[in-house]
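Undergrad: Let me begin by handing over the structure; questions about it come next.
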Amino acid sequence: MNPRDVTEEQHIEMLVAMLRIERGRGTLHDHLLVKQLRDYESYQAKTDPDYQPMVSDAWGQIEPWLRWEDEMGS
């Protein structure tokens with residue numbers, strides 16, 4: 007995946023994978039997504055000196071999904 011081609015939705019999926027790994031529930035797919043996230047953020051930081059990771063912006067969209075995942079017991 008070319009870092010320039012990452013959509014906001016894919017970026018959020020990568021952040022969710024990172025959170026799953028931190029919670030001890032990461033899969034191989036999650037680890038691959040986190041590698042893509044690191045590549046994406048590294049590329050953005052090199053090409054845009056004002057780049058700030060979107061973690062805080064994305065959290066509002068991620069949190070409800072994680073709560074649902076916890077309730078479902080995944």
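The numbering used here numbers the first residue of the sequence shown as 7 and each following residue consecutively.
Just so it is clear, CB atoms sit at the ideal spot from N, CA and C, and this is done for glycine as well.
Going by DSSP, what residue range makes up the alpha helix (DSSP H) through D45?
TA: 34 to 53 is the span of the alpha helix (DSSP H), which, as asked, contains D45.
Undergrad: What's the C-alpha gap between P70 and E14?
TA: Cα to Cα, the separation comes out at about 17 Å.
Undergrad: Mark S62 as exposed unless 16 or more other C-beta atoms lie within 10 angstroms of its C-beta, in which case mark it buried.
TA: Because the pLDDT of S62 is 49, which lies under 50, any placement of that residue in the model is unreliable, and the number read from its coordinates should be weighed accordingly. Flag for S62 reads exposed.
Undergrad: With a cut-off of 8 Å on the beta carbons, I'd call D36 and A23 a contact; round off their distance for me.
TA: With 8 Å as the limit, D36 and A23 qualify as a contact, their Cβ atoms being about 4 Å apart.
Undergrad: To the nearest angstrom, how far is it from the Cα of Q50 to the Cα of Q42?
TA: Roughly 12 Å separates the two Cα atoms.
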